[in-house]
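Engineer: Here the sequence shown stands for residues -8 to 398, where the numbers follow the working numbering. Even for Gly, the Cβ is constructed at its ideal location relative to N, Cα and C.
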Amino acid sequence: MCGNICRTIMWVLTMAACWFGSSAIATDIDPLDIPPPITIIEEMGDSLNSGKDREIALRAQVKSLSSEIIFISTKIRNLRELIQGKEAQIQRTKRDLEEVDVPYRLGEEDILLHERGFQASIVALFLVRRHASHYSPNMNTQNRAGLLRLATLAGMAEGLKRQKEAISASVKSLKSLRARYFEETNALVESKRMLELQRADLEALLHRKSSLQAIVFSEHKKADEKLARLAAKANDLQQLMEVLDSPANALEDSAQEKGSKYSPSADLAKHNLALMPTVNSYLDLGKVVREFGARRGNGPTSQGIHIKIENVSDVVSLRPGKVVFSGTFRTYGLLLIIEHGRGYHSLLSGFGRIYGQVGDFVRAGEPVGLMDDSTGRESVLYVEVRRKGKPINPTGWLDQIDREVRG
């Protein structure tokens, strides 16, 4: 479990470093080295899935720790009850021992008194017998009294002996009972001590588990927050992902389903191509600083073209279509995606301002955004074109879509 916590902490530190590192890089990065939007979307999807997996794992860990804490708390409560029971037994045994101790000590005193009385009787009996040996056959009253005393002393000595033996037997029994109570008390005290040690160990374990649970709860909260952020971004880009992943012309299908009279293909077919804008409408805005398919260092190949804009300029839509995404997207700034039908999409980014909103239909040559240098950085227009989800060279796509529409 400690290994899992170390790995968890290392993961958090690594993610934090990556997060702050990526934030710092995003500030100074050359816009020409930014990966294409679809790559970032895919990475976001992977990160979201990874975040969900981690959230599930942390939830399972929290549940496991909660179960362990409940189990340990139950054992501590049971041990506490056992310790209280042992303490009650110890007190009862001590009371029993006190009850036995009193007659035991009195019995020892009685034995001592009877021993002294028995010794005194023996001495007196010895003296009387020694005088009795001088008595004549014709005993007088004095002699008869002496013999009577002798018999009485002998009887007393015998009685004292029997009493001493009875008291000794009783004291021996009390001594045995007293010893047994002592043993029981000591055993109960030792059992109580062991239970208290177990309780102390469990309380220490409970403290560690509770601390671990607090850490995991914190990690769970952070994972939830990160997952919420990723989910929010994913929700914002869900329509974009669906558009880029769909090989079909969803725009014209939806227009037909709703009975709309507008269709980019139909709009394109009825226009004079000679009067429609060309890629030069973009190329004339500035200088191409990175071509389609170009690679810089070990980075990925460019899936679009990058044009450094010289002056404040409007950017137009080269062909009619529908705005399917309009908003800020990561380090791209303002991003606009237009669906043109037949599976074609154009992606434009680097704007200072976007005119179109999601759901708007735009005509060929209609301004869709403004390029300016108000951000304090170089104004670079990024142009990417996709056909059925795959990037194609933006400089040749107009001929392709025109041929497909015109037949």
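Kindly indicate which three-state DSSP category proline 94 falls into: helix, strand or coil?
Structural biologist: Reduced to three states, the DSSP call for proline 94 is helix.
Engineer: Please name the residue in Thr269, Phe342 and Leu193 whose C-alpha comes closest to that of glycine 360.
Structural biologist: Out of Thr269, Phe342 and Leu193, Phe342 has the C-alpha closest to the C-alpha of glycine 360.
Engineer: Out of curiosity, what's the CA-to-CA distance linking valine 280 and asparagine 384?
Structural biologist: About 15 Å.
Engineer: Please classify glycine 332: is it buried, with 16 or more other beta-carbons within 10 angstroms of its beta-carbon, or exposed?
Structural biologist: Buried, by the Cβ-count rule.
Engineer: Go ahead and pull the three-state DSSP assignment for serine 370.
Structural biologist: In the structure shown, serine 370 sits in coil (DSSP, three-state: anything other than H, G, I, E or B).
Engineer: Using 10 angstroms around the beta-carbon of methionine 362, count the other beta-carbons present and answer buried if the total reaches 16, otherwise exposed.
Structural biologist: Buried.
Engineer: Thinking C-beta only, is isoleucine 67 closer than 9 Å to serine 179?
Structural biologist: The sequence given here has leucine at residue 179, not serine. No, the Cβ-Cβ distance between leucine 179 and isoleucine 67 is not below 9 Å.
Engineer: Contact between the stretch 293 to 309 and the stretch 270 to 284 is defined here as three or more beta-carbon pairs at a separation below 8 Å; is this criterion met?
Structural biologist: Touching, per the Cβ criterion.
Engineer: Measure the beta-carbon distance from proline 358 to valine 314 and round it to whole angstroms, keeping in mind my assumption that it falls under 8 Å.
Structural biologist: Actually they do not touch by this definition, with Cβ atoms about 13 Å apart.
Engineer: What's the C-alpha gap between leucine 339 and serine 202?
Structural biologist: Taking the straight line from one Cα to the other gives about 51 Å.
Engineer: Per DSSP, which residues does leucine 361 bridge with? Please list them.
Structural biologist: Per DSSP, Asp305 and Arg344.
Engineer: For phenylalanine 208, collect the residues of the same chain with a Cβ closer than 8 Å to its Cβ; drop the 5 residues on either side in sequence, then sort them by chain order.
Structural biologist: The residues are Val53.
Engineer: Who are serine 317's beta bridge partners in DSSP?
Structural biologist: Paired residue(s): Leu327.
Engineer: When the distance is taken between beta carbons, is leucine 309 closer than 9 Å to serine 317?
Structural biologist: Not closer than 9 Å, so no.
Engineer: By DSSP's criteria, valine 53 is part of a beta bridge. Which residues make up the other side?
Structural biologist: According to DSSP, which records beta bridges pairwise, valine 53 is partnered with nothing at all.
Engineer: Of the residues Leu168, Ile345 and Ala285, which one's Cα is nearest the Cα of leucine 88?
Structural biologist: Of Leu168, Ile345 and Ala285, the residue nearest in Cα terms is Leu168.
Engineer: Any idea what DSSP makes of phenylalanine 352, helix, strand or coil?
Structural biologist: Strand, per DSSP.
Engineer: Sort out for me which residues DSSP pairs tyrosine 335 with in a bridge.
Structural biologist: Gly332 and Arg378, per the DSSP bridge assignment.
Engineer: Take serine 57 as the anchor and find which of Asn271, His336 and Arg199 has the nearest alpha-carbon.
Structural biologist: Of the listed residues, the one whose Cα sits closest to serine 57 is Arg199.
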